[in-house]
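A quick write-up on the structure given underneath.
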Amino acid sequence: MFGLGGAPQVTSDQKLQAAEAELDMVTGMFNSLVEQCHAKCINKSYGESDISKQEALCLDRCVAKYFETNVQVGEHMQKMGQSGQFMGRQ
Amino acid sequence: MSDSKEKPVEKVTPPKKGWSNPALQMMGIPCLSLPSRNWMIFWTVLASIGGGYAYDRYEQKQIRKQYMAKVEELGREPYDSHRLPRKLTVFIAPPPDDFLEVSMGYFRRYVKPVLNSASIDFDILVANKQGDIRSSVSERIRQLRRDAIQNNQTPPQNSNGTSWTKLLTFKNVKELYDTKDVLGFYYRYPTITPVRDDVNAASHAGGVVCMGRGAYKEYIQGVHEGLLGPLEAPQIEEQVSVENSDEEQDKNEAKAPAPFIKPEQYPQAQLAPELDLSSIIRDDKGVPVLFEQPIYVFPVMNVLGFKNTLRKIYNFFTKRHAAEDFSERTLHIVDNKVVPFEYKHQYLAKEEEPLWPKHWVEKGKERNSEWVQEMITDDRVTSRLKVIE
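Protein chains in written order, with the working numbering: chain A, 144 to 233; chain B, 2 to 390.
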């Protein structure tokens with residue numbers, strides 16, 4: 144039953160690898176995002192348990208900017224990858 | 002003895018006048034004296050110019066610091082993670098016959114620090130050419146009207162889920178996963194949907210900031226065009242743009258799209274029949290849309306022209322006055338005292354118009370530029386507008 148309907152192009156191994164790579168990338172991105180925005184925005188004296196309005200605004204902008212940059216860089220890399228400028232890739 | 006002593010003295014040039022001390026002389030420090038007349042002139046001019054500039058910079062910094070400290074307290078308020086601060090929309094247009102950098106500089110140096118310190122968010126919209134602000138504002142309002150039509154007709158469609166095979170090909174990140182799909186804590190905690198403070202303070206939500214009279218005129222015209230104009234561009238306008246294009250194409254600059262409606266046609270036009278104007282119109286996040294937000298205008302007093310050289314020099318060394326003025330005005334934005342739009346508000350920042358170069362105004366009149374024309378408003382639109390006092 145399984146695997147008979149239409150030969151799949153990719154094996155489950157490859158799928159797993161791809162998923163793992165995805166997850167690694169995303170986790171790495173998230174960690175560096177947290178680290179950078181924390182370093183930039185949060186007051187190191189930790190006077191209060193809550194974040195202040197200033198910090199909230201800074202974090203909001205920091206995260207937005209990070210994602211935007213990430214997407215832009217990703218798109219650029221994709222373009223480079225498609226045009227074959229990467230050495231030994233595609 | 003005395004002869005042999007005097008001879009070498011005559012050969013050497015006479016010692017410089019000035020103050021000295023044997024102890025200093027023994028250390029090899031020559032006679033201290035004033036430099037020559039020419040050097041004195043040089044150093045005095047240099048020191049007064051440099052000193053004037055440095056003093057002005059210092060004062061600007063002090064003023065900025067002072068105003069930032071005034072509003073700093075507002076940012077200390079403890080804040081939940083599901084709240085977002087008030088957000089302004091800033092329109093920046095270059096002053097007539099000058100570069101964008103001028104009005105941008107005023108914003109960056111004197112307005113932005115105070116806004117940041119008061120933790121007010123802002124979006125900057127920059128006009129690269131005349132008509133940019135008008136067309137983008139009116140396009141936003143038209144989009145709103147189109148959406149209103151669509152919402153009445155069809156419910157939104159959901160896209161299909163992503164399949165695993167898509168992962169192996171290059172895809173746009175957004176097609177693959179949403180941010181919250183991959184951040185672990187979303188599985189445990191309910192999704193946080195941040196709400197802007199503007200949503201709950203609808204009467205004085207957000208704000209529209211225009212740098213310069215031109216930006217203000219364009220904004221007001223854009224609101225009129227969006228609310229009163231047709232949804233599709235009229236055909237007649239294209240012929241006009243073709244005529245103009247001969248001159249424009251040389252410069253290789255694309256003109257902003259022509260207005261969909263002329264100010265003379267305002268009284269006949271229907272006020273946005275698609276929108277329900279009985280209440281405040283909000284976007285999908287609940288924030289009142291652009292034209293429901295109060296307006297504030299900064300006059301950009303930009304002096305131009307060769308004959309104004311003295312004035313320009315004076316302004317260069319007294320930028321602290323501009324700093325004081327702009328920062329003081331920014332406090333009005335922070336305070337956000339809103340009044341309804343009145344007739345007099347058509348003339349906001351009018352004081353900068355006499356400074357506009359005459360040849361530029363002439364050229365604008367020839368080209369029918371919206372900057373040099375009187376502002377024409379319609380009561381049905383202006384009755385919805387608000388102004389920060």
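We put the beta carbon where it would ideally sit given N, CA and C, even for glycine.
- Candidates B:W357, B:D285 and B:K320: closest to B:L305 by CA position: B:W357
- Item | Where B:C211 falls: helix, strand or coil (DSSP) | strand
- Along chain A, which residues have their Cβ under 7 Å away from the Cβ of B:E325? Within 7 Å Cβ-Cβ: nothing; B:E325 doesn't reach chain A, min ~24 Å.
- Query: So which residues of chain B does A:D193 contact, with C-beta pairs closer than 8 Å?
  - Reply: P79, Y80 and D81
- Query: Shorter than 8 Å from the beta carbon of A:K196 to some beta carbon of chain B?
  - Reply: yes
- Message: In this structure, how does DSSP classify B:G162 when only helix, strand and coil are distinguished?
- Response: For B:G162, the predicted structure reports a pLDDT of 46, less than 50, and the residue's modelled location is therefore unreliable. A value from the coordinates is still provided. Correct three-state label for B:G162: coil.
- Message: Alpha carbons only, please: which of B:K62, B:I296, B:S384 and B:V127 is nearest the one belonging to B:S104?
- Response: B:V127
- Message: Determine whether the beta carbon atoms of B:G207 and B:L116 lie at a separation below 8 Å.
- Response: no
- Interfacial residues, the segment 113-126 of chain B to chain A, with Cβ spacing under 7 Å: S120 and D122
- Item | For A:K208, the nearest candidate out of A:L159, A:K183 and A:S155 (CA to CA) | A:K183
- Query: Nearest to B:E354 by CA position, among B:S34, B:P97, B:R84 and B:L25, is which residue?
  - Reply: B:P97
- Is DSSP giving B:V115 helix, strand or coil here? helix
- Query: Closest by CA to B:E1, which one among B:P23, B:R84, B:Q271 and B:R385?
  - Reply: Chain B is shown only over 2 to 390; residue 1 of chain B falls outside these bounds and no answer can be derived.
- Message: Between B:R84 and chain A, is any beta-carbon pair separated by less than 8 Å?
- Response: yes
- Query: Starting from B:P23 and walking both ways along the beta strand (DSSP E), at which residues does that stretch end?
  - Reply: Counting along the chain, B:P23 falls outside any beta strand (DSSP E), though it belongs to the alpha helix (DSSP H) covering P23 to M27.
- Might you give, ordered along the chain, the residues of its own chain that have their beta carbon closer than 6 Å to the beta carbon of A:L202, omitting 5 neighbours on each side? C180 and C184
- Span of the alpha helix (DSSP H), counted from its first residue to its last, around B:V91: No alpha helix (DSSP H) holds B:V91; the beta strand (DSSP E) holding it covers K88 to I93.
- Item | Backbone secondary structure at A:S195 - three-state DSSP | strand
- Straight-line CA distance for B:A350 to B:I377? 16 Å
- Answer with buried or exposed for B:G19, where buried requires no fewer than 16 other C-beta atoms within 10 angstroms of its C-beta. exposed
- Examine chain A for any beta-carbon lying closer than 8 Å to the beta-carbon of B:G207, and answer yes or no. no
- Tell me whether the beta-carbon of B:V112 lies closer than 8 Å to the beta-carbon of B:T383. no
- Task: Quick one: residues in its chain with C-beta nearer than 8 Å to the C-beta of B:E352, no 5 flanking neighbours on either side, listed in chain order?
- Result: P300 and M302
- Task: Run down chain A in chain order and give the residues with a C-beta less than 7 Å from the C-beta of B:G76.
- Result: S195, K196 and Q197
- Query: Using a threshold of 7 Å, is the CB atom of B:F318 nearer than that to any non-hydrogen atom of the ligand MG?
  - Reply: Absent from the structure shown: the ligand MG. Ligands present: none.
- Task: With 8 Å as the threshold, decide whether the Cβ of A:D203 is near any Cβ in chain B.
- Result: yes
- Query: Are the CB atoms of B:I64 and B:A324 nearer to each other than 8 Å?
  - Reply: yes
- Item | Delimiting residues of the alpha helix (DSSP H) encompassing B:L332 | K320 to D336
- Query: From B:D199 to A:A161, what does the alpha carbon distance come to, in whole angstroms?
  - Reply: 43 Å
- Run the CB neighbour count on B:F292, radius 10 Å, all protein chains shown included, and call it buried at 16 or more, exposed below. buried
- Over the uninterrupted alpha helix (DSSP H) stretch that includes B:I377, give me the two end residues. No alpha helix (DSSP H) holds B:I377; DSSP gives it neither H nor E.
- B:K218: buried (16+ other C-beta within 10 angstroms of its C-beta) or exposed? buried
- By how many angstroms is the C-alpha of B:V209 removed from the C-alpha of B:F123? 9 Å
- Query: Is the CB of A:D156 under 8 Å away from at least one CB in chain B?
  - Reply: no
- Cβ shell of B:Q294 (< 7 Å), same chain only, five flanking positions each side left out: A206, G207, G208 and V209
- Task: Look at the alpha carbon of B:L311 and the alpha carbon of A:G227, and state the distance between them as a whole number of angstroms.
- Result: 59 Å
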